[in-house]
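In what follows, a structure is listed as structure tokens, so that the remarks can point back to it.
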DNA sequence: GCGTATTGCGATCGCTGTACCCAAACTAGT
DNA sequence: ACTAGTTTGGGTACAGCGATCGCAATACGC
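Protein chains in written order, with my numbering: chain Z, 528 to 776; chain B, 528 to 776.
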């Protein structure tokens with residue numbers, strides 16, 4: 528009767544019916560295959576036919592589980608969101624949120640197709656809700672209003688995605704082209720300040736490990752390793768949005 | 528001889544040759560048409576045929592100007608980057624960078640397809656170089672090393688894109704679905720802290736204007752209007768990466 | 001005017017997302 | 001045990017996509 532006619536969300540439809548011929552596959556199985564293909568061969572090789580072939584079935588069958596390809600992408604996004612581990616609040620909300628961000632960074636680096644996708648398509652599913660609920664729980668006693676907390680959640684995800692995409696340089700091929708063009712632009716004249724940039728560390732921004740100390744350093748210094756840099760950045764973002772840390776200065 | 532065989536970058540190829548039949552169109556003209564379509568009808572209606580039709584020509588003709596569709600997307604990204612106005616450094620690098628960020632936010636909101644695209648495809652062209660050069664000029668006397676300045680540049684773009692995408696909610700349709708699912712999830716049980724979120728301000732995060740004061744407020748307070756919130760956020764990010772403001776405490 | 005270099009673009013190929021249709025496989029009711 | 005109803009499996013088909021090819025048209029240097 529009062530139905531909003533636009534297909535609401537895949538997670539509001541029941542996965543399988545009680546009657547009729549039972550399904551041979553599941554959303555999770557299809558999602559897992561799609562994520563595997565994206566990890567291995569890139570996001571735009573994830574076609575319905577390719578995923579179906581991976582599962583040994585026909586492309587049309589997938590449409591019993593998913594209405595469109597975009598819905599499959601939604602499932603993929605939420606599925607990797609489930610890779611988070613969410614321990615109980617420690618009492619230090621800043622530390623808890625930074626820990627979540629560091630997990631997110633690891634997850635995003637594991638699935639290089641994710642940063643671009645999650646920004647273009649900020650969809651929320653069961654795992655996204657669990658994450659949001661966890662963040663709200665961490666911030667339960669924080670005096671900020673809900674809108675601010677929601678914004679902090681969005682920025683925790685968004686800033687992390689942006690940072691990882693910067694770390695990865697948008698993929699090796701693209702980064703190579705960018706560097707080549709930068710050199711070209713510098714050599715043919717006009718940009719004096721770019722020269723010093725290219726004479727130093729442009730080719731590979733960073734790698735993944737944690738070679739040095741594991742995080743936030745004394746206020747004022749900027750860490751050298753990527754993990755420390757990320758922690759430093761996300762700490763500033765979060766304390767900027769939510770005020771300074773609870774106990775710390 | 529020493530050629531890296533992968534097609535280097537569209538901006539390293541000359542746009543037109545001196546000899547032979549002269550071209551009837553230009554990269555700029557095609558780019559402009561494509562941006563117009565994307566603004567009006569969304570990014571994924573930007574097909575080669577559609578753009579060609581807009582220009583009254585055939586799809587194959589466009590491949591004289593652009594090698595692939597992705598290259599057209601690169602042109603679009605860089606073209607809107609040219610909408611920035613870059614005044615000379617004022618001496619206060621933080622204020623200058625925040626001003627750039629606010630321009631970026633306006634531009635990104637004008638082209639809602641951009642945030643997702645620029646994160647997924649962080650390509651740099653002439654306008655991107657001009658912007659980078661400008662940022663480096665603003666930071667000329669800043670003591671940080673080049674890698675840190677480059678990171679600040681990347682985060683200025685990345686964080687702004689993430690913020691705008693959060694403001695826009697990923698498009699009306701997607702936001703509607705998300706809200707519907709959140710309500711569904713809350714009503715069917717488990718997530719206590721989500722309830723208070725939905726009882727308050729979830730449907731539209733923000734609108735664009737600048738109803739109240741125009742920016743950074745006294746330290747400690749968090750502004751209410753979106754413009755102030757953005758300024759607050761980007762200020763925290765930049766001073767987090769580059770140390771505190773030059774004159775200010 | 002003639003060779004040479006470039007562009008314009010219709011025709012075409014392989015691939016994509018997805019609608020349609022019917023056979024197969026299951027449950028519920030009798 | 002049979003029928004009626006409901007759902008899934010998946011082959012086929014279609015419109016549209018990005019991209020290639022080949023040829024006619026159009027310019028310049030000589």
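Each residue gets a CB set at the ideal place from its N, CA and C atoms; glycine is no exception.
| Query | Result |
| --- | --- |
| Indicate whether the contact test is met: 3 or more Cβ pairs, each with one atom in the stretch 656-665 of chain B and one in the stretch 713-723 of chain Z, closer than 8 Å. | yes |
| Could you name the residues of the same chain whose beta carbon sits closer than 7 Å to that of residue 617(B), not counting the 5 residues immediately before and after it, in chain order? | 623 |
| Can you pull out the residues from the stretch 532-547 of chain Z whose beta carbon lies closer than 7 Å to at least one beta carbon of chain B? | 533, 535, 536, 538, 539 |
| Taking 8 Å as the limit between beta carbons, can you name the residues of its chain near residue 597(B), skipping five residues before and five after? | 648 |
| Just checking: is the beta-carbon of residue 776(B) within a distance shorter than 7 Å of some beta-carbon in chain Z? | Reliability fails at residue 776(B), whose pLDDT of 36 lies under 50, so the model's placement of it is uncertain and the value that follows must be treated cautiously. Judged by the 7 Å Cβ criterion, residue 776(B) is not in contact with chain Z. |
| Is residue 666(B) helix, strand or coil when you go by DSSP? | coil |
| Listing by chain order, which chain Z residues have their CB less than 7 Å from the CB of residue 705(B)? | 650, 651 |
| Classify residue 762(B) as helix, strand or coil using the three-state DSSP reduction. | helix |
| Distance cutoff 7 Å, beta carbons only. Does residue 604(B) sit that close to anything in chain Z? | no |
| For residue 607(Z) versus residue 764(B), is the C-beta distance shorter than 7 Å? | no |
| Would you kindly work out how many angstroms separate the C-alpha atoms of residue 547(Z) and residue 761(Z), rounded to a whole number? | 50 Å |
| Could you work out which residue in 615(Z), 709(Z), 716(Z) is closest to residue 656(B) when comparing CA atoms only? | 709(Z) |
| Report yes or no: is there a C-beta of chain Z within less than 7 Å of the C-beta of residue 720(B)? | yes |
| With residue 582(Z) and residue 557(Z) assumed to form a contact (beta carbons below 8 Å), what rounded beta-carbon distance in angstroms separates them? | 7 Å |
| Which residues in chain B have a C-beta closer than 7 Å to the C-beta of residue 611(Z)? List them in chain order. | Result: empty, since nearest Cβ-Cβ is about 16 Å, beyond 7 Å. |
| Once DSSP output is grouped into helix, strand and coil, what is the label at residue 611(Z)? | coil |
| At a CB-CB cut-off below 8 Å, which residues of chain B make contact with residue 693(Z)? | 649, 678, 681, 682, 685 |
| So, at 8 Å on beta carbons, what are the nonlocal neighbours of residue 576(Z) in its own chain, with the 5 sequence-adjacent residues on each side left out? | 586 |
| So, residue 635(Z) versus residue 691(Z), is the Cβ gap smaller than 7 Å? | yes |
| Nearest to residue 669(B) by alpha carbon, out of 621(B), 542(B), 752(B)? | 621(B) |
| Reducing DSSP to helix, strand and coil, say where residue 540(B) ends up. | coil |
| Kindly indicate if chain Z contains any beta-carbon less than 7 Å away from that of residue 736(B). | The pLDDT assigned to residue 736(B) is 48, lower than 50, so where the model puts this residue is not dependable; a value taken from the coordinates is nonetheless given after this. No - not a single Cβ of chain Z is within 7 Å of the one on residue 736(B). |
| Under 6 Å Cβ to Cβ from residue 741(Z), same chain only, skipping five residues before and after it: list those, please. | Residue confidence is low: residue 741(Z) scores 45 on pLDDT, short of 50, so the model does not pin down where it sits. Its coordinate-derived value is still stated next. Counting only Cβ-Cβ distances below 6 Å, and skipping sequence neighbours, we find nothing. |
| Would you tell me roughly how many angstroms separate the C-alpha atoms of residue 573(B) and residue 579(B), rounded to the nearest one? | 10 Å |
| Does DSSP put residue 714(B) in a helix, in a strand, or in coil? | helix |
| Between the C-alpha atoms of residue 549(B) and residue 555(B), what's the straight-line distance to the nearest angstrom? | 16 Å |
| Excluding the five sequence neighbours on either side, which residues of its own chain have a C-beta within less than 7 Å of the C-beta of residue 653(Z), listed in chain order? | 538, 605 |
| Could you tell me the alpha carbon to alpha carbon distance between residue 639(Z) and residue 628(Z), rounded to whole angstroms? | 16 Å |
| Here's a check: name, in chain order, each residue in its chain whose Cβ is nearer than 6 Å to the Cβ of residue 769(Z), leaving out the five neighbours to either side. | 671, 679 |
| Which residues, in order along the stretch 554-568 of chain Z, keep a beta-carbon less than 8 Å from a beta-carbon of chain B? | none |
| In angstroms with no decimal places, state the Cα-to-Cα distance between residue 713(Z) and residue 696(Z). | 20 Å |
| Measuring straight from C-alpha to C-alpha, what distance separates residue 642(B) and residue 642(Z)? | 12 Å |
| With the cut-off set at 7 Å, would you say residue 632(Z) and residue 687(Z) are in Cβ contact? | yes |
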